[in-house]
Amino acid sequence: MRILQFIKKEIHHVLSSPESLLLMILFPFGLTLVLGLALSGQFSRVQPMPDVRLPIVAQGDLNSRLFISQAENAGLTFEAAEEDAARKQVTDGSAAGYVVLDKDGITYHAQAFNNWEGLLVRTYGRIYAQQANMAARALSSGRLDKVAPLGGEYVHNEGIDTGPQPTSFGYYGITMLTMIMMYGTMQAAGMMDLERTERTGLRLKASPFSMSGVFLAKACTSVLTLLAQALILMAMNTVAYGITYRNMAIVLLSLAPYALFCNALGLAALQLTGEARAASGLLNIVVVLLVFLGGGYVPVDLLSPVLAKLAASTPVGLYNKGLLAYIYAGDSSMLIRGMIMSGVLGAVLLALAHVLFMREGGSNRAARA
5 MRILQFIKKE
15 IHHVLSSPES
25 LLLMILFPFG
35 LTLVLGLALS
45 GQFSRVQPMP
55 DVRLPIVAQG
65 DLNSRLFISQ
75 AENAGLTFEA
85 AEEDAARKQV
95 TDGSAAGYVV
105 LDKDGITYHA
115 QAFNNWEGLL
125 VRTYGRIYAQ
135 QANMAARALS
145 SGRLDKVAPL
155 GGEYVHNEGI
165 DTGPQPTSFG
175 YYGITMLTMI
185 MMYGTMQAAG
195 MMDLERTERT
205 GLRLKASPFS
215 MSGVFLAKAC
225 TSVLTLLAQA
235 LILMAMNTVA
245 YGITYRNMAI
255 VLLSLAPYAL
265 FCNALGLAAL
275 QLTGEARAAS
285 GLLNIVVVLL
295 VFLGGGYVPV
305 DLLSPVLAKL
315 AASTPVGLYN
325 KGLLAYIYAG
335 DSSMLIRGMI
345 MSGVLGAVLL
355 ALAHVLFMRE
365 GGSNRAARA
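Residue numbers for the sequence shown follow this note's numbering, beginning at 5 and rising by one.
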């Protein structure tokens, strides 16, 4: 019961200065808005075709009029122009190229061909030329019934149901959550350092309390604080941005091993360095590296296949991918792997921090008022 009283005292102490807690919630909330708006195009699965308008130099006969009218079905708009004017448009960059349609055939003039305009013109030009050759051959053979192309629906469009996919807000609603929990490592280190510097003010004054109890109470309070912050952040994201977490209770429970890992990493860093400032410097490097490899700032799949493989071997990467797979596909296998990895690493780091803490203070040492 004493440990519960100590945890309660720690919670009251945390709530007495809520500025850092609010910062841990408002910072990722605001960052989700900024990144969600700035990188929304990176998560779009539909790329709009450009509006292609090109000048065309033609004689204005039936063939050229037919060429221009049918091009609209291919997403091309040709505008009649003199060749000098068309060449000038290409030179000053107002047009990607221009088409010359004469007795010698179809010629496309451009400074560069590796663009949408060049691809569309070449594709449409080949198709139109083949149809024109077939019509001319049918006409010379006296097969007037074969001159006009047969109409009909020969291509059917069918969508592929790939299930719901995260938008930019959905993605950063997950990655900012795991990122800010990683920064909770410094929060855990700060709480333990406060016990070290102001020991008598933080322990129970009614009776002596063992050093193991102090360590355990600090660790439990830090884990509970991280989970409470995660719950508040998820609720705010859902209300403000419409981000879905499928089942918020299950997501929160799945984050418990991750919170343990973050807490243990902060405590281990403090005990290894022996000073809060040095621990903070070390954690700043480790946290940024883990968050980057885990795809917290930008999806590493877009950067490099090597980074994508590395992401799957880190707790942050497994949680990010696992939560996205669970929320949007109902697949919890990767999330379970992340929970196991985080739980094991958290237990090892917490045991290491406890050993160093006990060696520093002594297992039978008591807190005195």
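Quick reminder that beta carbons are idealized off the backbone N, C-alpha and C, glycines included.
Report task. Starting from I110, follow the beta strand (DSSP E) in both directions and report where the run begins and ends. Result -> For I110, the enclosing beta strand (DSSP E) begins and ends at 109-114.
Query raised in the report: Can you give the beta carbon distance from F4 to F361, rounded, assuming they're within the 8 Å contact cut?
Result: Absent from the model: residue 4. The displayed extent of the chain is 5 to 373, so no value can be given.
Requested in this report: Return the chain-ordered list of same chain residues with a C-beta closer than 7 Å to the C-beta of M183, the five sequence neighbours on each side being excluded.
Outcome: Closer than 7 Å at Cβ, skipping near neighbours: P32, V295, G300.
**Report entry** C-beta atoms of L259 and A234 nearer than 7 Å
**Finding:** A234 sits close to L259, with the two beta carbons spaced by under 7 Å.
Query raised in the report: Measuring CB to CB, does G40 end up less than 7 Å from S172?
Result: Contact flag set, yes.
**Report entry** Buried or exposed by the 16-neighbour rule on C-beta atoms within 10 Å, applied to G109
**Finding:** That one is exposed.
Query - 7 Å CB neighbourhood of M343 in its chain, flanking five on each side removed - result: Once the five neighbours on either side are set aside, the close Cβ partners of M343 are S258, P261.
Query raised in the report: When the Cα atoms are used, what is the spatial distance from Y112 to T318?
Result: Linking Y112 to T318 through their CA atoms gives a straight-line distance of about 52 Å.
Query - CA nearest to the CA of I254, picked from A273, D335, G146, G298 - result: Closest by C-alpha distance to I254, out of A273, D335, G146, G298, is D335.
Requested in this report: Compare the Cα-Cα distances from L70 to each of A90, Q135, L35 and report the closest residue.
Outcome: Among A90, Q135, L35, the Cα nearest to that of L70 belongs to Q135.
Query - Continuous alpha helix (DSSP H) stretch holding Y175: start and end - result: Boundaries of the alpha helix (DSSP H) harbouring Y175: 172-186, taken from the DSSP string.
Requested in this report: Can you grab the Cα-Cα spacing for the pair A85 / A99, in whole Å?
Outcome: Spanning the alpha carbons of A85 and A99 requires a straight line of approximately 12 Å.
Query raised in the report: Alpha carbon to alpha carbon, how far is A273 from W120?
Result: In this structure, the CA atom of A273 is about 54 Å from the CA atom of W120.
Requested in this report: Would you be able to state if there are at least three C-beta pairs under 8 Å between the stretch 262-272 and the stretch 350-359?
Outcome: In short, these stretches touch, since the Cβ pair count reaches three.
Query raised in the report: Among the residues of its own chain, which have a CB less than 6 Å from the CB of G326, if the five just before and after it don't count?
Result: Around G326: M338, L339, G342.
Report task. In the DSSP assignment, find the beta strand (DSSP E) that holds P319 and state where it starts and stops. Result -> Run containing P319: none in the beta strand (DSSP E); it sits in the alpha helix (DSSP H), 319-333.
Query raised in the report: For F117, which three-state DSSP category applies?
Result: Coil, per DSSP.
Report task. Using alpha carbons as the reference points, say which of L264, P309, N324 lies closest to L349. Result -> Here the closest residue by C-alpha is L264.
Query raised in the report: DSSP three-state call for E83: helix, strand or coil?
Result: Note: E83 maps to strand in three-state DSSP.
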